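K.L.:
Take a look at this one; I'll ask things after.
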Amino acid sequence: EAKELHRHYRVGRGLFKGHAELRAVNGASFTLAAGRTLAVVGESGCGKTTLGRALVGLYAATHGSIRFKGEDLTTMPTAQQQKTRRAIQMIFQDPYESLNPRLPVSDVITEPLLIHGIGNRSERADRARALIAQVGLPVDALNRYPHQFSGGQRQRIAIARALGPEPELIVADEPLSALDVSIQSQILNLMSELREQRHLSYLFISHDLSAVHHLADRVAVMYLGRLVEVAPRAELFASPSHPYTKALLDAIPRIGQGRRARGRTIQGDLPSPLKPPSGCAFHPRCPKAQAICKVEAPVLMPASGRL
Numbered sequence: 005e006a007k008e009l010h011r012h013y014r015v016g017r018g019l020f021k022g023h024a025e026l027r028a029v030n031g032a033s034f035t036l037a038a039g040r041t042l043a044v045v046g047e048s049g050c051g052k053t054t055l056g057r058a059l060v061g062l063y064a065a066t067h068g069s070i071r072f073k074g075e076d077l078t079t080m081p082t083a084q085q086q087k088t089r090r091a092i093q094m095i096f097q098d099p100y101e102s103l104n105p106r107l108p109v110s111d112v113i114t115e116p117l118l119i120h121g122i123g124n125r126s127e128r129a130d131r132a133r134a135l136i137a138q139v140g141l142p143v144d145a146l147n148r149y150p151h152q153f154s155g156g157q158r159q160r161i162a163i164a165r166a167l168g169p170e171p172e173l174i175v176a177d178e179p180l181s182a183l184d185v186s187i188q189s190q191i192l193n194l195m196s197e198l199r200e201q202r203h204l205s206y207l208f209i210s211h212d213l214s215a216v217h218h219l220a221d222r223v224a225v226m227y228l229g230r231l232v233e234v235a236p237r238a239e240l241f242a243s244p245s246h247p248y249t250k251a252l253l254d255a256i257p258r259i260g261q262g263r264r265a266r267g268r269t270i271q272g273d274l275p276s277p278l279k280p281p282s283g284c285a286f287h288p289r290c291p292k293a294q295a296i297c298k299v300e301a302p303v304l305m306p307a308s309g310r311l
């Protein structure tokens, strides 16, 4: 559970201009049940990756709390935090950047086990063999280096690495976006199979709403660091409440009557998080904006039992 989670940065404006505060994540609150998948969607720059990295401890929260199985990770002593965070692992967006090119695949997969003190050398090697097979690669892949694999194969290796410490929650940050379209469905199916086999929970960060529809149980829509709508997948796709969510769904390519049907697109560019609009941050681009939207930020409220 994340509650009023903030992650802010001090950004220099240049000589003599001081600093500004960039609110990458600005009061995000949500829950994720065991064995379920929560997808976080939104345009590039809305704070999705920062949210994911805060959850796994790569970024410290500025304010708010992150509770995992009842324990607050933001106030936990460092030694206990490292032990608890073993249960939370991450799959990064770019498999070309996230794997150490100097290590053979066997070391890539066993390094987290070594860091967490899991097993002896023989036991770690056995686990590496089992993991590489589970993600659909031959055992001899362990003796090769990351540059000898395709993008899809590298992402399978990254998934095997994340599975090594036996996590309960995996934060997957755009795990499909760097892959060819033909490979994306294979990785998506693999993640779905692993969730069932290992009873995993996913926080699935993506801009691909088709992938979200396939994998997610619930969807959180993010705009300029804030969650503007959270709903079960079926309800959100069938009857979105927020104008931003509607615009995202309208932008999905559709095939109809022999040609691609175009939905309404979002007007304008995403505002700078260094200088967000007053009131509701979406009001400059919203087709339903009213005068009050410029001065009053809406509060995320339950609607039809969704939250």
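Count the sequence shown with my numbering and you get residues 5 to 311, in order.
Backbone N, C-alpha and C define an ideal beta-carbon position, used for all residues, glycine too.
On a predicted model such as this, the values are computed, not experimentally measured, just so you know.
1. Quick check: the region 25 to 36 against the region 96 to 110, are at least 3 beta-carbon pairs closer than 8 Å?
2. Enumerated in chain order, which unbroken segments of the beta strand (DSSP E) with a length of 3 residues or greater are wholly contained in the region 217 to 245?
3. With DSSP as the reference, label residue 127 as helix, strand or coil.
4. For a quick check, are the C-beta atoms of residue 28 and residue 229 less than 8 Å apart?
5. For residue 16, tell me which candidate among 157, 24, 196 has the shortest Cα-Cα distance.
6. Find out if the Cβ-Cβ distance for the pair residue 103, residue 182 is shorter than 8 Å.
7. Pick helix, strand or coil for residue 73, following the three-state DSSP scheme.
8. Suppose you measure from the CA of residue 53 to the CA of residue 177; what does that come to, to the nearest Å?
9. How do the region 77 to 86 and the region 205 to 215 stand: do at least 3 beta-carbon pairs fall below 8 Å, yes or no?
10. Quick one: residues in its chain with C-beta nearer than 8 Å to the C-beta of residue 277, no 5 flanking neighbours on either side, listed in chain order?
11. Runs of 3 residues minimum, wholly inside the region 85 to 126: which ones carry the beta strand (DSSP E) assignment?
12. So, residue 43 versus residue 223, is the Cβ gap smaller than 8 Å?
13. Where do the ends of the beta strand (DSSP E) carrying residue 177 lie?
P.N.:
Looking at the coordinates:
1. no
2. Within the region 217 to 245, the beta strand (DSSP E) runs of at least 3 residues that lie entirely inside it are, in chain order, 222 to 227, 230 to 236.
3. Here residue 127 refers to the residue found at position 123 when the sequence shown is read from its first residue. Three-state DSSP puts residue 127 in a helix.
4. Position 24 of the sequence shown, counting from 1, holds the residue named residue 28. Position 225 of the sequence shown, counting from 1, holds the residue named residue 229. Yes. Within cutoff.
5. By one-based count along the sequence shown, residue 16 stands at place 12. For residue 16, the closest C-alpha among the options 157, 24, 196 is that of 24.
6. Within the sequence shown, numbered from 1, the residue matching residue 103 stands at position 99. Within the sequence shown, numbered from 1, the residue matching residue 182 stands at position 178. Against a cut-off of 8 Å, the Cβ pair of residue 182 and residue 103 comes out as no contact.
7. Here residue 73 is taken as the residue at index 69 of the sequence shown, counted from 1. DSSP places residue 73 in coil when its eight states are reduced to three.
8. Within the sequence shown, the letter at position 49 stands for residue 53. Within the sequence shown, the letter at position 173 stands for residue 177. Approximately 6 Å, taken between the alpha carbons.
9. no
10. Counting from 1 along the sequence shown, the entry for residue 277 is found at position 273. Only 26, 27, 28, 49, 51, 228, 229 meet the Cβ criterion.
11. 92 to 95
12. Numbered from its first residue, the sequence shown carries residue 43 at position 39. Numbered from its first residue, the sequence shown carries residue 223 at position 219. Here residue 43 is near residue 223, since their CB atoms are less than 8 Å apart.
13. Taking the sequence shown and counting its residues from 1, the one referred to as residue 177 is at position 173. Segment 173 to 177, the beta strand (DSSP E) holding residue 177.
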